[in-house]
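> The numbering used here puts the first residue of the sequence shown at 42, with every later residue one more than the last.
Note that beta-carbon positions come from the ideal geometry of N, C-alpha and C, so glycine has one too.
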Amino acid sequence: RLDGPRTAGADPAQILLAASAADVDTVFAIFADPEFIQSKYAAIGSNQAQIETNDASSDGHHLVVRRVVQMNVPGFAKKVLKSENTIVQTERWGAADADGGRSGTWEADAVGVPSTTGGNLRLEPTSAGCIHHVIGEVKVNIPLIGGKIADFAGGQALDQIRAAELHCVESHHQRHNQQ
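1. Taking only the alpha-carbon atoms, compute the straight-line gap between Ser99 and Ala136 and give it to the nearest angstrom.
2. What's the gap between the Cα of Asn95 and the Cα of Ala70?
3. My output table needs one value for Val179: the three-state DSSP class, helix, strand or coil.
4. In the DSSP assignment, what residue or residues form a beta bridge with Glu165?
5. Have a look at Lys81 and Ala118 and give me their C-alpha separation to the nearest angstrom.
6. Among the candidates Leu122, Val179, Asn161 and Asn182, whose CA atom is the shortest distance from the CA of His173?
7. How big is the Cα-Cα spacing for Cys171 and Val181?
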């Protein structure tokens, strides 16, 4: 279940991902697992995902993935967006906080598109496991149609975040059931 509004342009969109039965350390370890990373991007249609950086330690995690995404681009955006775009996604997580949670940032650069996409991440511990928060915004720097493209791209990003979170939950359940 995803809660929270999604808006595009200058207004941040908060996406609250439902509580996971896994604790913060387990989810954090899953996020750094190369097999999970590849399967997550394959699950959301990015079959050409290449992990460029995957450095995890007790101090945090730095992940850079280059991937190709397919989009059904609306007519008004076809001069700016291609149906196939290369995205370079970067996540930087910090060390565990005093409460055991983790915070970080993310950005997704669509190569050749005058836009910025990114925001903040949080794994929040709960008595039942943890909650994964993603806060982000999409800005497109094109006069007249930039806001419409940001709305479209924001919707695409939200769909991918939903699919990626569903994959994360399913992956955890599969691992848990195998133990």
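Walking through what the data contain:
1. Within the sequence shown, the letter at position 58 stands for residue 99. Within the sequence shown, the letter at position 95 stands for residue 136. About 6 Å.
2. Within the sequence shown, the letter at position 54 stands for residue 95. Within the sequence shown, the letter at position 29 stands for residue 70. Whole-angstrom Cα-Cα distance: 12 Å.
3. Position 138 of the sequence shown, counting from 1, holds the residue named residue 179. In this structure, Val179 counts as strand in the three-state DSSP scheme.
4. Taking the first residue of the sequence shown as position 1, residue 165 is located at position 124. The partner list for Glu165 (beta bridge, DSSP) reads Ile172.
5. In the sequence shown, the residue the question calls residue 81 occupies position 40. In the sequence shown, the residue the question calls residue 118 occupies position 77. Taking the straight line joining both Cα atoms gives about 27 Å.
6. Within the sequence shown, the letter at position 132 stands for residue 173. If we check each option's Cα against that of His173, Asn161 comes out closest.
7. Working through the sequence shown from its first residue, we reach residue 171 at position 130. Working through the sequence shown from its first residue, we reach residue 181 at position 140. When rounded, the separation of the alpha-carbon atoms in Cys171 and Val181 is 33 Å.
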